[in-house]
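Residue numbers for the sequence shown follow our numbering, so the first one is 650 and each next one is one higher. Worksheet: the structure to be examined is printed underneath.
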Amino acid sequence: MQKKETYEWGDGVFTLLSWFKKDKVRNARVLVAGAGALGNEVVKNLALFGVGQIYVVDFDKIEISNLTRSVLFREEDAYNHSFKSEIVAKRAMEINPQIKVTPIVGNLFSEVGFGLYNSVDVIIGCLDSIIARYLLNRMAMRAGKTWIDGSIENMTGVVRVYTPGISCYECGLSREEFNNIMLRTGCADVFRMQGNAGRVATTPISASIIGAMQVQEAMKIIHLSEDEPVPFKTLQGKMLRYEGLTNSVNTYKYASWKATCPAHERWDNIIKIDSLSAENSVKEVLSILKDFLNVNAIEINMRNNKFIDKIISDKPEKEFLIRLPESKLDDYITDNEELRKLSYKTLFHKCFIENIDEYFPYPEMSLKDVGIPLYDVIQVSTDKGLFFVELTKDASIFNLA
Ligand SMILES: [Zn+2]
């Protein structure tokens, strides 16, 4: 047996592959959205390949029913009500101790800083709903990144690869699907994921096959280079469909890129400010921004979340102070007995704040508590125009400093 530190992962194995570039893989950063059946397979394979930095996002906890198709989960995890992303990260690093897997417990849209989307090489979607795909696509397009979507049902599975300028998930949605999303979100930029995505029947086989294909595509994207030709074809702008019932695999052209699609809004020209963190108070951040941008009037636009100051119930008419990001509202209502009981029989009206300026009533609250995640990029409106500003101080939390 070789001793610790005397070997490098994949030496003498992957190095036999003509296309495999050890340094590219070791330095690669991959964001995995979802830590369910597909997420388990995907992270396992990324770990086996030795992808150096993996980020796994999921807000869910492990249940007994997950065990049948999640290679990294154990019975005890379900009994302990452990978070999926945390267990996936821990077990993947047991498989390969030379990589770093960072779990993020939270919502992929409102609780993952945009700085992270911006700094990865590729994004892999292991999601189970149209609405989650729609939102991940928005983030990927904003960041100018390719994302690899996987979906499974029974003995069937599909892999689709979306690359800005070639294809976009939102462009490919039917009118009916799009209307359903609008109905659930209220408007394009508001988000509530804690709905019940319809559970579909899947098998460990479809999860392994589709998860494996997704990682194979991710490895190709990591190796794409403008200078050197590559000996493979990617699925960019295409869809691969695996049909277990008939043992068929087909690839189709699947590219839709419409000029008017609102998802193509690219966030570039990002200003990095080393002293800014989501842990800073609103007051501190506004003052640093004013100095740095040399402006008089300033407001931070909450694009992916809103700050809920209070909610008011209809019957009886009563006010409840909330002071939380909208992404935390459902959990708050579920955990509060009075609100939970009321929620069955009355409507709540939300009093929210979308733009944070000097009149924000809680200037001592941190950005994080207001609803802006660590390492986010914030949209700032000023008298000199619109700016995108990164909370660069938080980069170290994600090993990116
Ligand atoms: Zn589009």
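Just so you know, even glycine gets a beta-carbon here, dropped at the ideal spot from N, CA and C.
So is the beta-carbon of residue i under 8 Å away from any non-hydrogen atom of ligand 1?
i: CYS1000; result: no
i: MET888; result: no
i: LYS794; result: no
i: GLU819; result: yes
i: ALA904; result: no
i: MET790; result: yes
i: ALA696; result: no
i: CYS910; result: yes
i: HIS730; result: no
i: LYS907; result: yes
i: HIS1096; result: Any answer about residue 1096 is impossible in this case: the structure gives the chain only from 650 up to 1050.
From residue i to residue j, what does the alpha carbon distance come to, in whole angstroms?
i: ARG675; j: ASP709; result: 29 Å
i: ILE1002; j: LEU973; result: 10 Å
i: VAL849; j: GLU875; result: 40 Å
i: GLN885; j: GLU735; result: 30 Å
i: ILE1027; j: ASN950; result: 7 Å
i: ASP1006; j: GLU948; result: 4 Å
i: SER976; j: GLY1020; result: 8 Å
i: VAL692; j: ASP963; result: 46 Å
i: LEU938; j: VAL944; result: 8 Å
i: MET831; j: SER905; result: 20 Å
i: GLY762; j: LYS932; result: 20 Å
i: ALA856; j: SER800; result: 8 Å
i: LEU991; j: PHE969; result: 12 Å
i: LYS902; j: GLU892; result: 17 Å
i: ASP770; j: VAL808; result: 18 Å
i: ARG952; j: ASP777; result: 24 Å
i: VAL810; j: MET888; result: 7 Å
I'd like the list of long-range same chain contacts for residue i, defined as Cβ closer than 7 Å, with 5 residues on each side in sequence excluded.
i: LYS673; result: ILE871 and HIS872
i: PHE1036; result: ILE920, LEU942 and VAL1029
So which of the options has the shortest CA-CA distance to residue i?
i: ALA946; options: TYR1008, TYR981 and GLU657; result: TYR1008
i: SER930; options: TYR656, ILE960 and TYR1011; result: TYR1011
i: ARG678; options: TRP658, THR664, TYR766 and GLN863; result: TYR766
i: LEU935; options: TYR704, PHE698 and SER1015; result: SER1015
i: ALA741; options: ILE772, ALA908, PHE758 and VAL705; result: VAL705
i: PRO911; options: GLU877, LEU894, ARG989 and MET790; result: MET790
i: LYS869; options: THR655, SER992, THR983 and LYS670; result: LYS670
i: SER719; options: ASP980, GLY860, PHE827 and ASN954; result: GLY860
Spatial neighbours of residue i within its chain, please: CB distance less than 6 Å, with the 5 preceding and 5 following residues excluded, ordered by chain position.
i: ALA727; result: ILE711, GLU712 and ILE713
i: ILE971; result: ILE957, LYS959 and ILE960
i: GLY659; result: GLY699
Looking only at its chain, what residues have a beta carbon closer than 8 Å to the beta carbon of residue i, apart from the 5 residues adjacent to it on each side?
i: THR751; result: GLN702, ILE703, TYR704, VAL705, ALA738, PHE1047 and ASN1048
i: LYS994; result: LYS964
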